[in-house]
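Novice: First residue of the sequence shown? That's 1 in the UniProt record's numbering, and the numbers climb one at a time after it. Structure incoming, see below.
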Amino acid sequence: MARLDITEKLAVLADAAKYDASCASSGAKPRREPAKAGGIGSITGQGICHSYAPDGRCISLLKLLLTNHCIYDCLYCVNRVSSDVRRARFTPEEVVQLTLDFYRRNYIEGLFLSSGIIRSPDYTMEQLVRVAQLLREEHGFRGYIHLKTIPDADPNLIEQAGRFADRLSINVELPKATSLEKLAPQKQASTIRKAMGGLRLRLDEAEDERKRSRRAPAFAPAGQSTQMIVGADGEKDSDILESSATLYSGYKLKRVYYSAYSPIPGSSQSLPARKPPLMREHRLYQADWLYRYYGFAMDEVVGATDGGMLDLDLDPKLAWALRNRGRFPIDVNSASREDLLRVPGLGVKSVDRIIDIRRLTAMRLDDVAKLARSAKALRPFVTALDWTPGASLDGAHLARAVKRPAEQLSLF
Numbered sequence: 001m002a003r004l005d006i007t008e009k010l011a012v013l014a015d016a017a018k019y020d021a022s023c024a025s026s027g028a029k030p031r032r033e034p035a036k037a038g039g040i041g042s043i044t045g046q047g048i049c050h051s052y053a054p055d056g057r058c059i060s061l062l063k064l065l066l067t068n069h070c071i072y073d074c075l076y077c078v079n080r081v082s083s084d085v086r087r088a089r090f091t092p093e094e095v096v097q098l099t100l101d102f103y104r105r106n107y108i109e110g111l112f113l114s115s116g117i118i119r120s121p122d123y124t125m126e127q128l129v130r131v132a133q134l135l136r137e138e139h140g141f142r143g144y145i146h147l148k149t150i151p152d153a154d155p156n157l158i159e160q161a162g163r164f165a166d167r168l169s170i171n172v173e174l175p176k177a178t179s180l181e182k183l184a185p186q187k188q189a190s191t192i193r194k195a196m197g198g199l200r201l202r203l204d205e206a207e208d209e210r211k212r213s214r215r216a217p218a219f220a221p222a223g224q225s226t227q228m229i230v231g232a233d234g235e236k237d238s239d240i241l242e243s244s245a246t247l248y249s250g251y252k253l254k255r256v257y258y259s260a261y262s263p264i265p266g267s268s269q270s271l272p273a274r275k276p277p278l279m280r281e282h283r284l285y286q287a288d289w290l291y292r293y294y295g296f297a298m299d300e301v302v303g304a305t306d307g308g309m310l311d312l313d314l315d316p317k318l319a320w321a322l323r324n325r326g327r328f329p330i331d332v333n334s335a336s337r338e339d340l341l342r343v344p345g346l347g348v349k350s351v352d353r354i355i356d357i358r359r360l361t362a363m364r365l366d367d368v369a370k371l372a373r374s375a376k377a378l379r380p381f382v383t384a385l386d387w388t389p390g391a392s393l394d395g396a397h398l399a400r401a402v403k404r405p406a407e408q409l410s411l412f
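Right, dumping it as structure tokens:
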């Protein structure tokens, strides 16, 4: 096999990394330890993904696989051992040099690094840790680092990874253990959950240590995240969301990422021939936010689905409101924050702004509409100083009236 130069490796391994969605950096904190002289990188906050720092800034990460060689044969993975794809492998030193070169060119502010499994989980994890260690200790890199960890790896390696990385993630892959057993027989859901549980306990310990002493070493200060593949095994949206709720409550995850299954050449006949609509992925994220930020219980979100599937034509909050019209209309001038968060068209920032303004003056519908994401969706569900929806809330065709019309996208 011809030896690839670093540019050819970058083309192969950056492209191979595109299937991993869990590269966001939200929740990261600045590294407070003194940088070495000449240290580079900052986080106040081919293969570049965009993420968000805690202050809302969009930052860029170099997104790579260390290698797309893999000893596992997960049917849904393009890099499985039986897949006929072009293979490549970086050395840790090559990844370090690429990261530094991209940073100096102002292309990136951090690194997201994953890998296929080579030789063994421990060997692979050692290579990932070495990249982070070289960046931190030899080059004084203070940018953001996200490492994808290997569930079967020695806990001591996970400990080392947390010392150098801002965020660690372990992919649960699929929402059901039965699906994982069928499509990825070399992986076990129990092993993945055990690894996530161990990581959560270590994060809790690190938090307690930092409370006792500011000098305590940081451990993955941006926490852990995971990813689920959507549409690979006929699972319903309710299955995915209920699994996510369990992960959030049981493992204190910062984020669950949803990645629509993408058919790959030579894939098994047990997998779908077509990818699910991207709108399904989008609706799952919206439902996820209702649970995390809007005070909805997961059974409320799931209860607004049709046979366990989210409506692709209506966002989940609007779908819930249409099924719970008895809770509306809500008076924007007196309702609690919790009730305002349930109004279609109002986001978290809009609600907080409404509460600030109404302390000074009563709000009219136009005042609220200026803050809403969708004034059209808002109108039937609120009352204001000069507005009441009357009988429109009970109209049989309300869903059609408030949903956004389909848009014809331009080809040019």
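Ideal Cβ positions, reconstructed from N, Cα and C, are used throughout, including at glycine.
What is the residue span of the beta strand (DSSP E) that residue 144 lies within?
Specialist: Looking at the DSSP string, the run of the beta strand (DSSP E) that includes residue 144 is 144-148.
Novice: So, at 6 Å on beta carbons, what are the nonlocal neighbours of residue 112 in its own chain, with the 5 sequence-adjacent residues on each side left out?
Specialist: Once the five neighbours on either side are set aside, the close Cβ partners of residue 112 are 23, 61, 63, 146.
Novice: Tell me which residue opens and which closes the alpha helix (DSSP H) that residue 279 is part of.
Specialist: From DSSP, the alpha helix (DSSP H) with residue 279 extends over 278-293.
Novice: In the DSSP output, what is residue 260 paired with across the bridge?
Specialist: Per DSSP, 230.
Novice: Using 10 angstroms around the beta-carbon of residue 400, count the other beta-carbons present and answer buried if the total reaches 16, otherwise exposed.
Specialist: So residue 400 ends up on the exposed side.
Novice: If the criterion is Cβ atoms closer than 8 Å, does the pair residue 284 and residue 229 meet it?
Specialist: Result no, Cβ atoms of residue 284 and residue 229 do not sit closer than 8 Å.
Novice: Use the C-beta contact count for residue 266: other C-beta atoms within 10 angstroms, 16 or more gives buried, fewer gives exposed.
Specialist: That one is exposed.
Novice: Flag this pair as yes or no: are the beta carbons of residue 221 and residue 166 separated by less than 8 Å?
Specialist: In contact: residue 221 and residue 166 (Cβ atoms closer than 8 Å).
Novice: Residues in its own chain within less than 8 Å of residue 348 by CB, not counting five upstream and five downstream?
Specialist: The answer, listed in chain order, is 293, 294, 341.
Novice: Please report the straight-line C-alpha distance between residue 364 and residue 386, rounded to a whole angstrom.
Specialist: Whole-angstrom Cα-Cα distance: 6 Å.
Novice: CB residue 183 to CB residue 233, shorter than 8 Å?
Specialist: It is a contact, given that the beta carbons lie within the stated cut-off.
Novice: For residue 4, which residues of its own chain have a beta-carbon under 6 Å away from its beta-carbon, when the five flanking residues on both sides are left out?
Specialist: So the qualifying residues of the chain are 88.
Novice: Of the residues 390, 162, 81, which one's Cα is nearest the Cα of residue 198?
Specialist: The shortest C-alpha separation from residue 198 is found at 162.
Novice: Closest by CA to residue 379, which one among 331, 389, 213?
Specialist: Checking every option, the nearest Cα to that of residue 379 belongs to 389.
Novice: With H, G and I counted as helix, E and B as strand and the rest as coil, what does DSSP make of residue 71?
Specialist: In this structure, residue 71 counts as coil in the three-state DSSP scheme.
Novice: Using C-beta distances below 6 Å, list every residue in its chain close to residue 255, excluding the 5 sequence neighbours before and after it, in chain order.
Specialist: Counting only Cβ-Cβ distances below 6 Å, and skipping sequence neighbours, we find 225.
Novice: How long is the line joining the alpha carbons of residue 344 and residue 246, rounded to whole angstroms?
Specialist: Computed Cα separation, rounded: 26 Å.
Novice: Among the candidates 209, 317, 352, 314, whose CA atom is the shortest distance from the CA of residue 332?
Specialist: Per the Cα distances, 352.
Novice: Could you have a look at residue 160 and say whether DSSP puts it in helix, strand or coil?
Specialist: Here residue 160 sits in helix by DSSP.
Novice: Could you pull the DSSP bridge partners for residue 112 from this structure?
Specialist: BP columns for residue 112 point to 63, 146.
Novice: When the Cα atoms are used, what is the spatial distance from residue 114 to residue 16?
Specialist: Each residue's Cα considered, the two are about 10 Å apart.
Novice: With respect to the alpha helix (DSSP H) encompassing residue 243, which residues constitute its N-terminal and C-terminal limits?
Specialist: First-last of the alpha helix (DSSP H) with residue 243: 237-251.
Novice: Apart from the five residues on each side of it in sequence, which residues of its chain come closer than 8 Å, Cβ to Cβ, to residue 123?
Specialist: Hits under 8 Å: none found.
Novice: Quick check: the region 134-154 against the region 103-110, are there 3 or more CB pairs under 8 Å?
Specialist: The answer is yes - the region 103-110 touches the region 134-154, with three or more Cβ pairs under 8 Å.
Novice: Between which two residues does the beta strand (DSSP E) holding residue 167 run?
Specialist: Per DSSP, residue 167 belongs to the beta strand (DSSP E) from 167-169.
Novice: Rounded to whole angstroms, what is the Cα-Cα separation between residue 128 and residue 213?
Specialist: Whole-angstrom Cα-Cα distance: 29 Å.
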